[in-house]
Amino acid sequence: MEQAIARVQQAQGKVSISAVAKEAGVTPALIHNTYPDLAEKIRRLVGKATRSQRDAKHDTLIRERQINHALRQELAESRADLAKLASINQVLINEVALLK
């Protein structure tokens, strides 16, 4: 399998589990199921390591949750301001009605 990876790198430069499986004469499923370490090595070569993808998604999730929290706070403040302004508006409407 290691030789298949080397041959694919030399021939194509672009390594994938499918290309390595084809070069080795096996199915991609065999690599995934029987050789998970080899599959992870191929993913690292491609730049799609599972751990790095998970960590990147986790960092993005944390960032988006912080943004979501800030937006929810802003929404709550806007609703409070709206309620206050509606109350002031009603008082002014009542005063105008009394002055007429």
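Just so you know, this note's numbering puts 46 at position 46 of the sequence shown, and the rest follows in order with no gaps. Using N, Cα and C, we set each Cβ at its ideal position, and we do this for glycine too.
Item checked: Ala-101 and Leu-30 closer than 8 Å at C-beta -> Here the chain comprises residues numbered 1 to 100, so residue 101 is not present and cannot be evaluated.
Next item on the list: Within the same chain, show all residues whose beta-carbon is closer than 8 Å to that of Arg-51, passing over the 5 residues directly before and after it, in chain order.
Entry: Taking the sequence shown and counting its residues from 1, one reaches residue 51 at position 51. Cβ neighbours of Arg-51 beyond the five flanking positions: none.
Notebook entry, point to check: What did DSSP end up calling Ser-116 once you bin it into helix, strand or coil?
Noted result: Nothing about residue 116 can be read from this structure; the chain reaches only from 1 to 100.
Check: Using a Cβ-Cβ cut-off of 8 Å (strictly less than) and excluding sequence neighbours within five positions of Leu-99, which residues of its own chain qualify?
Finding: Position 99 of the sequence shown, counting from 1, holds the residue named residue 99. Nothing listed; no residue qualifies.
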